[in-house]
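In the numbering used here, the protein residues as written are 29 to 134.
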C-alpha cells in the first residue's frame, strides 16, 4: 500500500465535525494518540525492564496506526498528500545531513 492509497482509505473513515475546514480536530487527536504511544513506552521501562513483549509491540502498532490516521487527516485538511509530505521530509533530511553526496561506503 502506498501513502496515497492509505490516505484515501483513511479519508473514508473520517467523520469529524466540519471536515475539510477543521485542522484542530485531527491535530488534537494526533497529540492524544502520540501521548498514548509515549505512555506505553514509559510503562515498558517502568514495568517491564525495557523489554518489548509481543503484546506491547501490538499495542504500539495500534497506537502508531492511530497516529498515522490523524496525520493523514491533518494532511487532508491542508490539501497535502502523504506522498508529498514524505518526499519533502526525505529531501529536507538529505540536505540537513548532507546525504545527497554520501554513499553507503561513507
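Virtual Cβ for every residue (Gly too), placed ideally from N, Cα, C.
Query raised in the report: Given residue 103, which residues of its chain have a CB within under 7 Å of its CB, disregarding the five upstream and five downstream residues?
Result: 35, 109, 110 and 113
Query raised in the report: Can you tell me where the alpha helix (DSSP H) with residue 63 in it begins and where it stops?
Result: 52 to 75
Query raised in the report: When DSSP labels each residue in this structure, what does residue 121 get in the three-state scheme?
Result: helix
Query raised in the report: Is it buried or exposed for residue 58, if we count other Cβ within 10 angstroms and need 16 for buried?
Result: buried
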